[in-house]
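Residue numbers (this note's numbering): 225 to 371.
By construction, the Cβ of each residue, glycine as well, lies at the ideal position given by its N, Cα and C atoms.
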């Protein structure tokens with residue numbers, strides 16, 4: 225009877241640990257998904273938003289850096305759980321977490337690159353417009369009767 229009670233206690237403890245792992249993983253996955261959705265909705269059509277978007281990307285990068293220890297902790301916890309309890313859900317959760325983490329980092333990098341390229345293009349376009357104005361002003365000066 226004591227062995228059975230001990231085994232039930234271990235099983236209950238394992239179940240609680242497994243549930244906490246699942247809850248923590250789901251919380252991180254949800255946060256990553258929300259960040260990815262936010263990035264996916266960004267539009268680069270309005271050049272006036274570029275500085276704001278760059279600051280948002282920097283903030284998200286900092287948040288990802290701050291969340292990375294949580295991801296690493298979940299990986300360690302998942303591996304520890306697998307040693308004691310063979311549950312395929314742990315492997316699939318760890319894989320899903322790693323994939324989501326890789327995806328959000330890749331998406332942020334792609335958006336950063338696109339934003340920086342758009343910003344460079346916008347600056348080049350502005351310089352060309354400034355040159356056009358300068359050339360027009362010079363042309364007006366050369367064509368004026370005072371010359």
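Fill in: Spatial distance of residue 330 from residue 264 (CA atoms)
So the two alpha carbons sit approximately 12 Å from each other.
Worksheet entry | Residues of its chain near residue 271, where Cβ-Cβ distance is below 8 Å and the 5 sequence neighbours each way are ignored | Taken in chain order, the residues that qualify are 342, 343, 346.
Item to complete: Return the residue from the list 311, 349, 258, 334 that minimises the CA-CA distance to residue 278.
Response: 334
Discussion item. Going by DSSP in three states, residue 268 sits in which element: helix, strand or coil?
Written reply: coil
Discussion item. Would the segment 300-316 count as touching the segment 251-259 if we require 3 or more Cβ pairs under 8 Å?
Written reply: no
Worksheet item: Enumerated in chain order, which unbroken segments of the alpha helix (DSSP H) with a length of 4 residues or greater are wholly contained in the segment 237-320?
Response: 274-308
Worksheet item: Straight-line CA distance for residue 311 to residue 240?
Response: Put simply, the backbone Cα of residue 311 is about 14 Å away from that of residue 240.
Worksheet item: How many Å lie between residue 236 and residue 243 at the Cα?
Response: Our two residues, residue 236 and residue 243, have alpha carbons roughly 10 Å apart in a direct line.
Discussion item. Looking at residue 332: is its Cβ nearer than 8 Å to the Cβ of residue 298?
Written reply: no
Discussion item. Quick check on DSSP: helix, strand or coil for residue 346?
Written reply: helix
Worksheet item: Would the beta-carbon of residue 295 fall within 8 Å of that of residue 338?
Response: Not closer than 8 Å, so no.
Item to complete: Give me the Cα-Cα distance between residue 309 and residue 238, rounded to the nearest whole angstrom.
Response: 8 Å
Discussion item. Taking the alpha-carbon of residue 255 as reference, which of 353, 290, 313, 370 has the nearest alpha-carbon?
Written reply: Residue 290 holds the alpha-carbon nearest to the alpha-carbon of residue 255 among 353, 290, 313, 370.
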